[in-house]
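Working notes for the structure below.
2 protein chains.
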Amino acid sequence: MDGMDTADPTAPLDQLRASLPADVVETRPDSMEAFRRDWSRDAGAGMPLAVVRPRDAGEVQATVRWAAEHRVPVVPRGAGSGLSGGASAVGGGLVLSLDRMRAIDVDVATQVAYVEPGALNAEVKAAAAEQGLWYAPDPASYAISSIGGNVATNAGGLCCVKYGVTADYVLGMDVVLADGRLVTLGGPRIKDVAGLSLVQLFVGSEGMLGVITRVVLRLQPPPPTPATLVATFPTTRSAADAVVAIRSATRPSMLELMDAASVNAVEDHRAMGLDRSAGALLIGRSDAPGAARADEVALMEKACAEAGAVEVFVTEDADEGEMFAEARRAAFPAIETRGSVMLEDVGVPVPLLPDLLTAIADVAERHDLEIPTVAHAGDGNTHPIVVFDAADPASVERAHAAFAEVMAAAIALGGTITGEHGVGRAKKAALPDQLGEDVMDLNRRVKAALDPANILNPGAVL
Amino acid sequence: MDGMDTADPTAPLDQLRASLPADVVETRPDSMEAFRRDWSRDAGAGMPLAVVRPRDAGEVQATVRWAAEHRVPVVPRGAGSGLSGGASAVGGGLVLSLDRMRAIDVDVATQVAYVEPGALNAEVKAAAAEQGLWYAPDPASYAISSIGGNVATNAGGLCCVKYGVTADYVLGMDVVLADGRLVTLGGPRIKDVAGLSLVQLFVGSEGMLGVITRVVLRLQPPPPTPATLVATFPTTRSAADAVVAIRSATRPSMLELMDAASVNAVEDHRAMGLDRSAGALLIGRSDAPGAARADEVALMEKACAEAGAVEVFVTEDADEGEMFAEARRAAFPAIETRGSVMLEDVGVPVPLLPDLLTAIADVAERHDLEIPTVAHAGDGNTHPIVVFDAADPASVERAHAAFAEVMAAAIALGGTITGEHGVGRAKKAALPDQLGEDVMDLNRRVKAALDPANILNPGAVL
């Protein structure tokens with residue numbers, strides 16, 4: 001399924017233009033350049049035939065119908081903040097950008113939001129908050145990532161250790177299928193088992209099965225203001241041991257780990273008051289109600305102390321707590337300034353987190369590379385970031401080897417090559433190693449059943 | 001996809017027998033009778049060729065391989081407590097009963113349980129509790145229903161208003177596919193987006209896509225002991241209004257409704273101290289920690305009072321509270337003693353619950369039938385139970401009409417024909433009305449991709 005070599009080079013783009021408002025189909029070189037890659041900076045991204053920026057589902061249907069007729073690949077794209085190359089353009093294909101479709105309609109009584117895919121996560125959170133409600137999922141990129149992308153990758157985030165991932169909040173969706181039909185799956189019902197779980201099949205499908213044009217998201221009353229705990233440890237391993245101990249007793253509302261390299265990268269980029277001397281940092285939160293909050297924080301403090309924490313700091317102040325969460329979220333952009341990067345997203349069962357972090361450090365040392373690591377530690381999901389010098393072929397080669405070895409280490413520990421970013425194009429070489437040939441075959445069968453001509457995001461994942 | 005008329009009537013059952021231990025393939029008439037129907041008492045259930053009761057995944061594979069070779073339908077079956085005819089035998093096919101596969105292995109550190117499909121929900125709860133952990137999902141049938149059936153139907157229950165449904169607790173599974181291959185999907189990782197969400201596709205697939213031979217279930221520390229609130233209302237509508245008000249402010253750990261007819265049915269069957277004069281009863285619970293529990297109970301009390309509750313009773317005593325939950329769970333068996341029954345499972349967005357209950361009462365009155373109704377009210381999911389006289393053709397006809405009209409009413413309110421029981425055979429006639437032809441087509445395509453010969457549970461759902 002690699003690429004699509006059947007694309008018609010003479011596909012009549014004028015026909016598509018004629019069926020859509022004048023400014024929907026863009027072919028200016030600067031547009032093409034701006035829309036043909038996501039944050040993974042995929043060097044293999046192709047040059048698209050055009051960027052299509054529809055304003056409603058009908059325009060999406062017209063685009064997909066034209067593409068199906070002429071066998072032109074379609075790569076759906078949200079805000080382009082993806083980290084695995086899931087939205088890399090396919091040469092000669094269309095980039096179908098949903099960035100103009102961003103309506104948000106909150107139904108307070110039903111506690112749901114109807115959201116178009118281009119709306120940013122932060123915009124949904126804000127719209128819900130205006131009505132006294134809360135949209136929980138919070139990928140670190142929430143300020144810049146779209147809901148469509150969040151749903152297409154089943155994005156995680158910082159609060160999922162307690163509140164779950166994007167999938168847990170998607171009750172329904174409208175999808176344009178590979179033949180241009182528009183269907184509605186699920187809806188604003190909390191429980192619904194009528195037919196196969198197609199809503200959940202489309203969540204995390206990375207644009208391979210259809211183009212999501214609207215989602216129904218579950219909202220809830222906001223949780224109490226959290227208390228935030230910051231603990232410094234002599235080593236990454238001792239911090240990871242604390243995580244395992246905390247998670248065996250409770251599910252805090254956040255439990256993030258930063259290793260020494262990522263702490264220093266953040267401080268180098270923008271001084272945020274983190275302890276540069278720490279071997280590792282844990283940022284934990286409790287939003288348990290009332291007095292239970294103090295109990296949960298005390299439990300986390302005790303676990304940190306027993307695991308060898310050097311210092312534990314607790315604040316009930318929301319702004320101060322948010323500053324630490326912000327420091328954690330700043331890790332990607334900070335580390336990106338240190339060189340070229342390859343972003344990892346490997347995960348393991350929580351008790352194996354210390355082993356995974358040790359394995360990552362071994363890989364870094366063996367290949368003489370800096371691999372700063374931050375982690376949604378409470379879920380066993382880590383983001384080692386391989387930093388390399390793109391101008392030095394030897395460094396590039398070592399980086400590729402390290403990237404592959406980190407995934408292999410996760411698989412060897414019974415883990416996954418991607419916990420929340422998706423496979424995209426960056427990780428597809430390793431997918432069979434995790435899933436095995438029979439499960440790859442199942443994936444391909446489902447893909448072929450819904451997109452027999454392989455129009456939708458060809459070359460991604462499979 | 002109705003039935004399978006291609007089954008080979010001369011399929012060499014001896015060949016299957018020879019490939020399995022002597023007692024695995026049963027053909028005695030009493031076995032056939034005991035295993036060919038679930039709790040829905042489907043009059044259309046066929047007479048199977050044999051009942052196969054394997055002890056491990058290898059024996060399941062041998063059975064499915066033989067069935068695939070000879071095009072013999074296979075109906076997987078857990079404990080037979082299904083309410084929609086999902087496990088009705090197909091004439092000339094195999095009933096594949098998983099009741100002998102019931103190993104439970106709790107991994108305390110990872111907070112998961114590896115469970116074979118025949119283990120009862122209650123057995124999993126007990127095994128988790130022995131290790132200080134909790135398996136949350138609690139269908140009313142938890143004492144008699146199997147985990148395999150819970151997963152195959154994506155079973156709900158009483159606690160899902162706060163804790164979610166079975167799908168939220170399934171991290172992975174082993175499945176025997178239609179061609180006999182055994183695959184492992186997902187695993188004990190909290191976050192994993194490698195490839196399509198096949199685990200979630202198999203959850204709720206009602207035996208149509210594969211035979212589940214093991215699941216990985218998420219466990220968690222147990223919640224605090226709940227406080228229980230019981231409120232009586234003059235009318236069903238006022239109780240439903242209280243539900244809407246409570247749910248707009250919080251997610252209690254239980255919020256069940258019983259109408260007057262179901263209260264009286266339970267009391268007739270076994271006196272449990274419920275108020276027979278009540279127009280409707282709400283049973284709510286809070287398991288919020290510490291002082292937050294009293295706050296949440298007070299909030300529920302206030303909402304009940306404002307909606308017109310006649311009396312509100314609160315107990316912090318766990319046994320007393322459990323008695324009320326037990327009375328709610330007793331509704332099905334109690335109502336079953338009143339005549340023949342057709343069990344409904346319709347749901348709507350929570351704010352429309354009062355309208356749905358009014359519509360159900362209208363249907364009952366119009367057809368001169370008793371339709372006692374209990375509801376997982378906090379989720380908008382109701383169980384109207386159509387009681388009729390099987391010996392009276394007119395009564396049977398009216399019951400069928402009422403059953404269809406209740407589903408139509410739910411669909412008209414933007415709801416679902418099944419919130420947690422599954423479509424099975426009892427509701428498949430109404431499924432296209434809810435999903436529409438395009439979504440039915442999607443269901444069929446996925447089914448055909450995974451089971452091209454339509455061996456697995458043919459005639460169910462689609």
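Chains as they are written, first to last, in full-length UniProt numbering: chain Y, 1 to 462; chain C, 1 to 462. Glycine is no exception: its CB is placed at the ideal position from the N, C-alpha and C atoms.
Against chain C, the CB of residue 54 of chain Y has no partner CB under 9 angstroms away; the residue lies outside that interface. Here residue 457 of chain C carries a coil assignment [DSSP, helix/strand/coil]. Assigned with DSSP and collapsed to three states, residue 298 of chain C falls in helix. Following the DSSP letters along the chain, one finds residue 264 of chain Y inside the alpha helix (DSSP H) bounded by residues 260-269.
Look at residue 180 of chain C: its C-beta is not under 9 angstroms from any C-beta on chain Y.
Close to chain C, meaning a Cβ-Cβ distance shorter than 8 angstroms, are the following residues of the stretch 236-262 of chain Y: 244, 247, 248, 249, 250, 251. Between residue 424 of chain C and residue 374 of chain C, the C-beta gap is not smaller than 9 angstroms, which leaves the two residues out of contact.
Among the residues of chain C, those whose CB is under 8 angstroms from the CB of residue 197 of chain Y are 154, 167, 200, 201, 203, 204, 205, following chain order. Taking all protein chains in view, the Cβ of residue 321 of chain C is crowded by 16 or more other Cβ atoms within 10 Å, so the residue is classified as buried. Closest in alpha carbon position to residue 410 of chain C, among C:397, C:395, C:349, is C:349.
Around residue 302 of chain Y, no beta-carbon contact reaches into chain C at under 9 angstroms, the shortest distance being about 15 angstroms. Interface flag for residue 381 of chain C against chain Y is set, since a Cβ pair is found closer than 9 angstroms. Neighbours of residue 448 of chain Y in chain C, taken as residues whose beta carbon is under 9 angstroms from its own, are 449 in chain order. Annotation: residue 205 of chain Y to residue 196 of chain C spans about 5 angstroms, alpha carbon to alpha carbon.
Shown here, residue 66 of chain C sits in a helix according to DSSP, grouped into three states.
Against chain Y, the beta carbon of residue 225 of chain C has no neighbour under 9 angstroms; the closest one sits roughly 14 angstroms away. The C-beta of residue 427 of chain Y comes closer than 9 angstroms to at least one C-beta of chain C. A Cβ of chain Y is located within less than 9 angstroms of the beta carbon of residue 417 of chain C.
Chain order gives the chain C residues near residue 438 of chain Y as 181, 183, where near means a beta carbon separation below 7 angstroms. Counting the other Cβ atoms within 10 Å of the Cβ of residue 15 of chain Y gives fewer than 16, which makes it exposed. Check the Cα spacing between residue 329 of chain C and each of C:58, C:158, C:71: the tightest is with C:158. Look at the stretch 274-305 of chain Y: the residues with a C-beta under 7 angstroms from a C-beta of chain C are 288, 289, 290, 291, 292.
Listed along chain Y are 251, each with a C-beta nearer than 8 angstroms to that of residue 220 of chain C. The C-beta distance from residue 81 of chain C to residue 144 of chain C rounds to 5 angstroms, short enough to meet the 8 angstroms contact threshold. The beta-carbon of residue 457 of chain C is placed no less than 9 angstroms from the nearest beta-carbon of chain Y. Of all residues in the stretch 306-332 of chain Y, none comes within less than 8 angstroms of chain C when Cβ atoms are compared.
Residues of the stretch 400-417 of chain Y with a Cβ closer than 7 angstroms to any Cβ of chain C, in chain order: 414, 415, 416, 417.
Between residue 228 of chain Y and residue 285 of chain Y, the gap from beta carbon to beta carbon is short of 9 angstroms. For the pair of segments examined, the stretch 393-412 of chain Y was found not to touch the stretch 164-182 of chain C: the number of CB pairs separated by less than 8 angstroms stays below three. Relative to residue 61 of chain C, the option among C:188, C:176, C:317, C:312 whose CA is nearest is C:176.
Every unbroken stretch of the beta strand (DSSP E) spanning 3 or more residues and falling wholly within the stretch 89-128 of chain C is given here in chain order: 94-97, 104-107, 112-115. Annotation: the continuous alpha helix (DSSP H) that includes residue 400 of chain C extends over 393-412. In this structure, residue 456 of chain Y and residue 194 of chain C do not form a Cβ contact; the two beta carbons are roughly 19 angstroms apart against a cut-off of 8 angstroms. Non-local C-beta neighbours of residue 119 of chain C in its own chain, meaning closer than 6 angstroms and more than five positions away in sequence, comprise 102, 104, 147, ordered along the chain.
Counting C-beta atoms within 10 angstroms of its own C-beta, residue 337 of chain Y has fewer than 16 neighbours from the protein chains shown and is therefore classed as exposed. DSSP places residue 214 of chain C within a strand segment (E or B) once states are collapsed to three.
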